[in-house]
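**Q** First, the structure itself, so that you have it in front of you.
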Amino acid sequence: IAQLFMVVDASEKLPGDGEGVEILKNEPYDNTDGHMKVSPISQWEVPRNKGQYTLKHYYCKSNIPGVVSAICPEDSMVLVEEAWNSYPHCVTVITHATAVWGR
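Going by the working numbering, the first residue of the sequence shown is number 833, and it counts up by one from there.
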């Protein structure tokens with residue numbers, strides 16, 4: 833919960849021009865029986881436990897040099913994060929958006 837609070841706090845401090853963090857999902861998960869298998873987003877094996885799942889997009893164009901951002905498409909400057917938090921164990925996978933959306 834503290835990690836999610838810090839993400840929200842940090843995203844409020846970023847400029848409002850399409851930059852920052854977008855929290856798409858924040859929900860409990862229960863995969864103790866292993867039925868979820870592999871995430872369709874990151875292709876990562878979902879942990880066999882229960883806890884809190886979050887899916888976030890990080891829009892980071894302002895952190896990329898202008899020369900690079902001028903020649904790169906908008907969607908190439910987005911990171912996708914999936915996290916399965918089952919305290920004290922947390923699995924976080926960060927993927928480049930074009931790797932996810934390009935499938």
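In this text, a Cβ means the ideal position worked out from N, Cα and C, and glycines have one as well.
Keep in mind that this is a model prediction, so the values were computed, not measured.
1) Identify which residue in P872, T886 and Y861 has its Cα closest to the Cα of E854.
2) In angstroms, rounded to a whole number, what distance separates the CA positions of D865 and I903?
3) Quick one: residues in its chain with C-beta nearer than 8 Å to the C-beta of W876, no 5 flanking neighbours on either side, listed in chain order?
4) So, helix, strand or coil for T864, using DSSP?
5) Going by DSSP in three states, E851 sits in which element: helix, strand or coil?
6) Pull the bridge partners of N881 from the DSSP assignment, please.
7) From the DSSP output, in three-state form, read off I873 for me.
**A** The short version:
1) Taking the sequence shown and counting its residues from 1, the one referred to as residue 854 is at position 22. It is T886 whose Cα lies nearest to the Cα of E854.
2) As a working note, residue 865 is residue 33 in the sequence shown. As a working note, residue 903 is residue 71 in the sequence shown. Taking the straight line from one Cα to the other gives about 46 Å.
3) On the sequence shown, residue 876 is found 44 positions in, with the first residue counted as 1. So the list reads V870, E914, V923 and V925, once near-sequence residues are dropped.
4) Along the sequence shown, read from residue 1 onward, the residue named residue 864 stands at position 32. DSSP places T864 in coil when its eight states are reduced to three.
5) Residue mapping note: residue 851 aligns to position 19 of the sequence shown, counting from 1. Reduced to three states, the DSSP call for E851 is coil.
6) The residue labelled residue 881 in the question sits at position 49 within the sequence shown. N881 pairs with nothing; no bridge assigned.
7) Residue mapping note: residue 873 aligns to position 41 of the sequence shown, counting from 1. Here I873 sits in coil by DSSP.
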